[in-house]
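**Q** Before I ask anything, here is the structure I am working with.
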Amino acid sequence: MTLRRLDISQFRNLSGVKIKPNTGVNLLTGDNGAGKTSVLEAISVLSVGRSFRASRTSAIIQFDQAHYTLFAEVFNPLAQLQPIVPIGISRNKDNEQQIRISGQQARSAAQLAELLPVQLINSDSFQLLEGSPKVRRQFLDWGVFHVEPQFFSLWQASQKALKQRNKLLKYGKMHAVQQLDIWDQALASYAEQIDQLRQAYVEKLIPEFEQTLAELTFSDVISVSYYRGWDRQTDCLSALQDNRSRDLALGFTQAGPHRADLRIRVNKLLAVDVLSRGQQKLVVCALLLAQGKLLQKLTGKQCVYLVDDLPAELDLEHRKYLCRVLEKMQCQVFITSVDQDALAECWSEHTPLSLFHVEHGKVTPTHRS
Ligand SMILES: Nc1ncnc2c1ncn2[C@@H]1O[C@H](COP(=O)(O)OP(=O)(O)OP(=O)(O)O)[C@@H](O)[C@H]1O
Ligand SMILES: [Mg+2]
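According to the UniProt record's numbering, the sequence shown is numbered sequentially starting from 1.
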């Protein structure tokens, strides 16, 4: 999947942006506050329907404007009849959104995500190691969502069952016990299926991760293990039933698929407690790159990589290794930097490279200086 055209209107300081990215590397340079990260943010909104840096739409819509509009043409090599898919999203200050795919109104942002898988590497990516299990669960579910078509509906159904169960735990009276039985069974049944899909995914991800770490010349042994969210010795239904009296006291479900996690360790210790900042960054990059490689291997789909301010995150040598991995994957990359020279030299001469200069919310194609 590659973006062939990108129009951004009234989004942060960007307006009237119309660019034709190439299928390889697109390097966006410009001063602080020029709008580079906002271009990546716009692509991410086109992929998942929401921003990676603001939860409030009013912060994203350009000051004094009523809505933002994003439009793109996605090239889908797997669709032989109509490989170019136009997609658009607009959102107003009341948070009402309109998503269109090939001229039709789309039901949900999940349809966009399916069409345009995007991976983001930025300073928040550290959260994969130091953040809560939720961050790692989202990372894991991104992968499972893209390779297992049945995952999303199972996940939605399990969320609904969990919500109902929590409601009963919190507000239910004595007669709620029977209803709790029903939701225990529903949640447990979805949980077992979700667990199997997640487990199978992690098993395939680990070798890709280890290989990518080696490509980034990272030599320590990092172990990745999957925790499914409830005790390994028991099935989910038993875990829910065993925990019921405590769950009732607490008013929420303690164990279940909503508690799944990935444990990333070095010498049996959590990687975040042992590795240097730079090493953590490499591990995080290896995880994110491994997902893209696995996606490609299992589905033939390629994801678009958004890399924000790489020079601030990695030294030159490791920057080059990372660029080499991205080049080898032959996926489309949007990468930002304040300094053009810090990145322009990282690519081989065979890689298609387009330079864009970003200034006061305008994006213009440019040439190497
Ligand atoms: N809703 C908005 N309307 C108009 N301008 C905005 C809005 N939100 C943010 N801005 C401005 O848009 C610019 C976008 O900054 P952005 O983070 O994209 O810059 P950048 O080029 O990535 O800078 P840096 O190199 O510092 O990371 C900033 O100058 C910011 O003040
Ligand atoms: Mg920025």
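For each residue, glycine too, the CB sits at the ideal point set by N, CA and C.
(1) Jot down the residue ranges of each uninterrupted beta strand (DSSP E) in the stretch 316 to 366, minimum 3 residues, whole runs only, in chain order.
(2) What number of angstroms, rounded off, separates the C-alpha of PHE52 from the C-alpha of LEU168?
(3) According to DSSP, which residues form a beta bridge with LYS93?
(4) What are the start and end residues of each continuous alpha helix (DSSP H) run of 4 or more residues lying completely inside the stretch 242 to 309, in chain order?
(5) Report the three-state DSSP secondary structure of ASN26 (helix, strand or coil).
(6) Please go through the same chain and pick out, in chain order, the residues whose beta-carbon is closer than 6 angstroms to the beta-carbon of GLU313, but skip the five residues on each side of it.
(7) For LEU120, which of ILE335, HIS360 and THR351 has the nearest alpha-carbon?
(8) Taking 7 angstroms as the cut-off, is the beta-carbon of GLN62 closer than that to any non-hydrogen atom of ligand 1?
(9) Beta-carbon within less than 6 angstroms of LEU355's beta-carbon, same chain only, minus the 5 sequence neighbours each way: which residues are those?
(10) Mapping the DSSP letters down to three states, classify ASP220 as helix, strand or coil.
(11) Helix, strand or coil, according to DSSP, for LEU70 in the structure here?
(12) To which residues of the same chain is SER125 closer than 8 angstroms at the C-beta, ignoring the five residues directly before and after it?
(13) Tell me the DSSP secondary structure of THR234 in three-state form.
(14) Can you find the residues in the same chain that come closer than 8 angstroms, C-beta to C-beta, to PHE252, ignoring five residues on each side of it along the sequence?
(15) Is the separation between the beta-carbon of ASP308 and that of LEU40 shorter than 8 angstroms?
(16) Compute the minimum distance between the beta carbon of ASP31 and the heavy atoms of ligand 2, and state whether it is under 7 angstroms.
(17) Per DSSP, which one or two residues make a beta bridge with THR2?
**A** Based on what the coordinates show:
(1) 333 to 337, 353 to 359 and 362 to 366
(2) 33 angstroms
(3) Looking at the DSSP assignment, LYS93 forms no beta bridge with any residue, so it has no partner.
(4) 244 to 250, 271 to 274 and 277 to 299
(5) strand
(6) LYS281
(7) ILE335
(8) yes
(9) LEU27 and THR366
(10) coil
(11) strand
(12) LYS281, VAL284, CYS285 and LEU288
(13) coil
(14) ASN166, LEU169 and LYS170
(15) yes
(16) no
(17) PHE75
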